[in-house]
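Here is the structure we will look at.
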Amino acid sequence: MKLDLARLPVVEGVVAFLVLMIGVTFFFAFKATSGEEGQTVSSFPTSSASSPAASVAPGGTTVVLHDNKFDPNEITVQAGTTATIQIRNDGKSPHNMHIAGQGGDFTEDFCTGSADPCSNPNRVKSGETATLAWQVPNSPGELNFRCDFHPQEMTGKIKIQ
Ligand SMILES: [Cu+2]
29 MKLDLARLPV
39 VEGVVAFLVL
49 MIGVTFFFAF
59 KATSGEEGQT
69 VSSFPTSSAS
79 SPAASVAPGG
89 TTVVLHDNKF
99 DPNEITVQAG
109 TTATIQIRND
119 GKSPHNMHIA
129 GQGGDFTEDF
139 CTGSADPCSN
149 PNRVKSGETA
159 TLAWQVPNSP
169 GELNFRCDFH
179 PQEMTGKIKI
189 Q
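In our numbering, the protein residues as written are 29 to 189.
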């Protein structure tokens, strides 16, 4: 009898240990499951935010408008082709892109009533984009371009080759 009584606490201890281990197992299993759920929820914004990308026409020239300069301020186009220039205003002020006419002069500000090539729209607001589709002259040469809002400081050159 004394031996049996001595064994009882051992058995109780083993049972208590097993119950504790099962409890711990369930606790961590639950924790792991809720952790996985948390990961799935948090992965939603990352996967959906990766879709929008900068859309630039393949092969086209991109010119970025800043306050107050063109980047790049020197571009090269092929004579006799139709050049499509993608324009994006990264500055805070409105800008535009106005290429001088074939005589080398800027005919009118903002190309009103003239045949000078201008960005479309001709007033590119902050954060907005525009395009300039231009029938490049057949003979090689050089033409100036400028922003009509800042005609003195915001200028550039186009090389026709
Ligand atoms: Cu400007």
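Just so you know, even glycine gets a beta-carbon here, dropped at the ideal spot from N, CA and C.
Assumed close pair residue i, residue j - CB separation to whole angstroms, cut-off 8 angstroms
i	j	result
residue 92	residue 186	The pair is not a contact, with the Cβ atoms about 16 angstroms apart (cut-off 8 angstroms).
residue 152	residue 179	No, residue 152 and residue 179 are not in contact; Cβ-Cβ is about 15 angstroms, not under 8 angstroms.
residue 175	residue 124	6 angstroms
residue 194	residue 128	This structure cannot settle anything about residue 194, because the visible part of the chain is limited to 29 through 189.
Cutoff 7 angstroms; reference residue i; Cβ partners in own chain excluding five residues on either side
i	result
residue 97	182
residue 155	117
Near ligand 1: residue i beta-carbon under 7 angstroms from a heavy atom
i	result
residue 146	no
residue 138	no
residue 154	no
residue 142	no
residue 126	no
Helix, strand or coil at residue i according to DSSP, with G and I counted as helix
i	result
residue 139	helix
residue 107	coil
residue 128	coil
residue 184	strand
residue 171	strand
residue 116	strand
residue 148	strand
residue 178	coil
Close beta carbons around residue i, own chain, < 6 angstroms, minus the five adjacent residues each side
i	result
residue 169	188
At least 3 beta-carbon pairs within less than 8 angstroms: the region 161 to 174 vs the region 109 to 117: yes
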